[in-house]
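Following: one structure in structure tokens, then a few remarks.
Number of protein chains: 2
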Amino acid sequence: MDLTGPDRRSAGVPADQATIRRSNLSLVLRHVSESGPCSRSAAAIETGLNKTTITSLVGELQARGLVKEIGPQRAGSVGRPSLALVLDGSRVGALGVEVNVDYIAAFATDLAGRVLADRRISFDAMGHDPGRSLDKLAQVIGKTVADLGRLGVALAGITVAVPGLIDTATGTVVIAPNLGWHQVPVADRLRSAAPDVPITVDNDANLAALAEYRSGIAMGTPNLVYLTGEVGVGCGIISGGRLLNGADGFAGEAGHIMVDPAGERCGCGRIGCWETKVGLAALVRMATPDHAYGVGQVVRDPEERLAEMEQRRAEGDPRVDPAIAEIGRWLGRGAAMLINLFNPRVVVLGGYFAQLADRIIPVAQTELNRLGMTAATNRCGFAASDLGFGAASRGGVHVVIERVLSDPTTIPIRTP
Amino acid sequence: MDLTGPDRRSAGVPADQATIRRSNLSLVLRHVSESGPCSRSAAAIETGLNKTTITSLVGELQARGLVKEIGPQRAGSVGRPSLALVLDGSRVGALGVEVNVDYIAAFATDLAGRVLADRRISFDAMGHDPGRSLDKLAQVIGKTVADLGRLGVALAGITVAVPGLIDTATGTVVIAPNLGWHQVPVADRLRSAAPDVPITVDNDANLAALAEYRSGIAMGTPNLVYLTGEVGVGCGIISGGRLLNGADGFAGEAGHIMVDPAGERCGCGRIGCWETKVGLAALVRMATPDHAYGVGQVVRDPEERLAEMEQRRAEGDPRVDPAIAEIGRWLGRGAAMLINLFNPRVVVLGGYFAQLADRIIPVAQTELNRLGMTAATNRCGFAASDLGFGAASRGGVHVVIERVLSDPTTIPIRTP
DNA sequence: CCTCATTAATTGATCGCCGAGACAAACGAA
DNA sequence: TTCGTTTGTCTCGGCGATCAATTAATGAGG
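Those protein sequence lines, which keep their order, are chains Z and W.
Each residue of the first sequence is one higher than the one before, counting from 279 in my numbering.
Each residue of the second sequence is one higher than the one before, counting from 279 in my numbering.
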């Protein structure tokens, strides 16, 4: 299942024998990936392919360094013992990097999901012009690629997560307000940092949603809504196993839906946006002596503000808990709309929502129920993300892995 | 592009030569369907297939009665004149039927979209038990199939539109409140009315959205939101060329999103649902002397109520126009949310919204702008549907045609 | 009128892929 | 040791797409 690009089968491209081969290589590789170790004949039965075809396909997958045999399985049963096939993690790796307001993160795994690299550095994107930021990003990528090279891993692709609107076809950031970026050709600029490695660029919330779908708390749930509490609110939607993009990539702008016609003015100029009710800025404002912080300060050091809030709560400040509860209530109200429109099986909460999940989720769930159960809401629940800050870069890794799984021929045949 | 079922290429099914053939037959048939008459060699260049492959594929499509040649084109240019290929409409037909609160409709076309049958009868579904209603439906289908038989057309499939929640895998209506249906196995029950013809069942608003996408005002726009004004509000969403279903088929329940926390109680038990602001019941209530009609009466004869409203306006009743304007304002407010969440290129208005479009759309557009332009809203506009009441059954026809276009081998080879 | 360049469509040979059945290999059971 | 069982490979045939060569149908020009 291709999550980001268009569907190749229906893309109006002629099919030939190579298409069959790709499709069946993908089928076998996916089966090995998802069903764990299995013999050739088991794979034949379970995929529906002929066993001689399996032999041929596995041979090619081995030549591409994607699958390997582990010694004969002493099964104790009658008959010739089988040679179990597993994903060959040692040869191919995937890299996801994320650039955000105050940090750059890189996360790499092999095909099987074993972590090969995980770095995070503080970086003030607003304090640098886009060119400088990209240089820094390229530097982080270069270091990580070098690490992977030392491990003998060939990099299959890089995905860059950016908090903004992306033209995924060209790998260009159309606009990223929080970074101060406008029309930045990220993929082109980073090409030299890792020649011959395909670079994809996508929205950070979308990639985080994908990470939840592929490896997080909602693994395998093809209908989910991901909400991340930052200074504002980010949102990514997976429906029918596909990321929702909309006509221009703006789909899921949940932070700016109007939830309170009598509410206050939002930074976007409109009234009563959800973000003004559940963003970290709202929490800080509600829980803090009047005007101790402007929005600017919250934006600059969100984690510091959050830690301070927890600190004050520990010291007995009576304003913190009610403020968190209020966040939970508004979260429930907004989620009610999303659930009725998208009918997800789960709403995954990330960012600061996840850090306060044990206090936010019960309130949000209660509010959701209070508003009246519908067919959609009573089949859907909240869940806290456990991926932490790496969600977007982890999602980037999955984009690369997905591409390899859906077209194994992108990995060249090694010539020993 | 398969709009309803899962994607065959990624469905975990082995690919073989028949898969190539199907895919390429589909490619050629689609090309002829979309690009109009063209020669074999033009088709070869435009599809990317080899000339000789085209010859073979066209031969098979002819044998299946899907494509035909029209005499040599006197082009006046040098060289051998080409034989233009066109869709052969005369052999294969598609049927969409709709059962609704007060009528049953049937609509049939050939592959090329020429109308072969179009009937609509009044029928009070609530006044009959589901079994009786299905008998009536079967009778309508039987008559239409007989008509098609007289025209020499082989029926490729039937799609049934029902206003309710459908389990599309089994063709069962899980629940249809307005019909009083619950767990009705529609497809199974209708099988005998047309043996050997595949029967699909789907939600009426979804099918109407599909009709707008395939043949209506929004033809070819793969990101659209369809809103139909009935007693309540129906909604169907097409995103990335696919119908949004959600985890249980409840996606797009736009009528019951909360737009006014201070609003009145909705029939669903909740407060401030959009439906209470823009449903036909709301219009009638606002424009009519207090309590002249209960909701029940509006439900029973919606068209009559609407006609009466227009009548009173013509007579100079000053309450009608402000009421319509108020509908427009709330339509704009709700649409703002949908546009920010789905990022469609157009919001298509059907049902009574379409009948009052010239007075509703300007107001809704103004309200949308007043709420503050966003990147999503200023790339999206309103449009009135021109399909009338037949939208759902027309959408059903497109489901069948789509299936034939994406797998021409479903039509048997005729043996003359 | 005849020839030639030009474009359209078909025929025959070849290649790649999957599938069926025969066959070799590696075990447990008797 | 022999037999039955299961695994994996080998060889061949069928099918679909492609390439090169051939046939068909026209307009232009002598």
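From the three backbone atoms N, C-alpha and C, an ideal C-beta is built for every residue, glycine too.
Small disclaimer: the values here were computed from a predicted structure and weren't measured.
Close-in-space but distant-in-sequence residues of the same chain around residue i (CB under 6 Å, 5 per side omitted)
i                         : result
alanine 465 of chain Z    : Gly449, Ile477 and Val479
glycine 337 of chain Z    : none
glycine 673 of chain Z    : Leu485, Ala486, Leu488 and Ala489
valine 462 of chain W     : Pro408 and Val451
serine 319 of chain Z     : Lys329
alanine 416 of chain W    : Leu468 and Ala471
methionine 279 of chain W : No answer about methionine 279 of chain W holds up, because its pLDDT of 36 lies below 50 and its placement is not dependable.
leucine 561 of chain Z    : Ala601 and Ile605
Neighbour flag for residue i against chain Z, beta carbons, 9 Å
i                         : result
isoleucine 536 of chain W : Before going on, a small fix: residue 536 of chain W reads as methionine here, not isoleucine. It does: the Cβ of methionine 536 of chain W has a partner Cβ on chain Z nearer than 9 Å.
glutamine 291 of chain W  : In the sequence on display, residue 291 of chain W carries valine and not glutamine. Chain Z contact via Cβ: present.
glycine 272 of chain W    : As displayed, chain W neither begins before 279 nor continues past 694, which places residue 272 of chain W out of reach and without an answer.
isoleucine 549 of chain W : yes
leucine 619 of chain W    : yes
glycine 518 of chain W    : yes
serine 288 of chain W     : Its pLDDT being 47, under 50, serine 288 of chain W is placed unreliably in this model, and the coordinates cannot settle the point.
methionine 615 of chain W : yes
glycine 527 of chain W    : yes
glutamate 531 of chain W  : yes
proline 690 of chain W    : no
Under 9 Å between C-beta atoms of residue i and residue j
i                         : j                            : result
leucine 616 of chain Z    : cysteine 513 of chain Z      : yes
valine 291 of chain W     : serine 368 of chain W        : no
glutamine 633 of chain W  : leucine 584 of chain W       : yes
isoleucine 436 of chain Z : leucine 373 of chain Z       : yes
proline 686 of chain Z    : serine 334 of chain Z        : no
alanine 525 of chain W    : asparagine 501 of chain Z    : yes
valine 625 of chain W     : tyrosine 504 of chain W      : yes
leucine 468 of chain Z    : isoleucine 516 of chain Z    : no
valine 271 of chain W     : valine 377 of chain W        : This structure does not reach residue 271 of chain W, given that chain W is present from 279 up to 694, and the question cannot be answered.
asparagine 523 of chain W : alanine 532 of chain W       : no
serine 671 of chain W     : alanine 383 of chain W       : yes
alanine 669 of chain Z    : glycine 391 of chain Z       : no
aspartate 511 of chain W  : alanine 565 of chain W       : For the record, residue 511 of chain W in the displayed sequence is valine; it is not aspartate. Not a contact, by the Cβ cut-off of 9 Å.
alanine 614 of chain Z    : glutamate 586 of chain Z     : no
leucine 619 of chain W    : phenylalanine 620 of chain Z : yes
Proximity test, Cβ basis, 9 Å: residue i and chain W
i                         : result
threonine 506 of chain Z  : no
serine 663 of chain Z     : no
alanine 486 of chain Z    : no
aspartate 482 of chain Z  : no
cysteine 316 of chain Z   : no
glycine 331 of chain Z    : According to the sequence provided, residue 331 of chain Z is threonine. The question's glycine does not apply to it. Closer than 9 Å: yes.
asparagine 456 of chain Z : no
aspartate 294 of chain Z  : yes
glycine 494 of chain Z    : no
histidine 309 of chain Z  : yes
Counted within 10 angstroms of its Cβ, other Cβ atoms place residue i as buried (16 or more) or exposed
i                         : result
histidine 676 of chain Z  : buried
glycine 588 of chain Z    : Here the sequence assigns glutamate to residue 588 of chain Z, which means glycine is not the residue at that position. When all chains shown are included, glutamate 588 of chain Z counts as exposed.
asparagine 656 of chain Z : exposed
leucine 429 of chain Z    : exposed
alanine 296 of chain Z    : exposed
isoleucine 679 of chain Z : buried
valine 356 of chain W     : exposed
aspartate 579 of chain W  : exposed
Cutoff 7 Å; reference residue i; Cβ partners in own chain excluding five residues on either side
i                         : result
cysteine 546 of chain W   : His534
isoleucine 689 of chain Z : Arg342, Gly343, Leu344, Val370, Ala434 and Val682
arginine 543 of chain Z   : Ile549
aspartate 425 of chain Z  : Ala395
glycine 283 of chain Z    : Note that glycine 283 of chain Z scores a pLDDT of 38, beneath 50, so its modelled location is shaky and nothing firm can be said.
Proximal residues to residue i (C-beta, below 8 Å), its chain only, five neighbours per side dropped
i                        : result
threonine 330 of chain W : none
alanine 381 of chain W   : Per the sequence shown, residue 381 of chain W should be read as tyrosine rather than alanine. Only Arg398, Ile399, Ser400, Phe401 and Phe667 meet the Cβ criterion.
aspartate 294 of chain Z : none
serine 317 of chain Z    : Gln351, Ser360, Leu361, Ala362 and Leu363
### Task
Answer yes if the segment 318–328 of chain W comes into contact with the segment 356–370 of chain Z, meaning at least three C-beta pairs across the two stretches below 8 Å, and no otherwise.
Taking 8 Å as the limit for Cβ pairs, the verdict is that the segment 318–328 of chain W does not touch the segment 356–370 of chain Z.
### Message
Quick check: the segment 662–670 of chain Z against the segment 624–632 of chain Z, are at least 3 beta-carbon pairs closer than 8 Å?
### Response
yes
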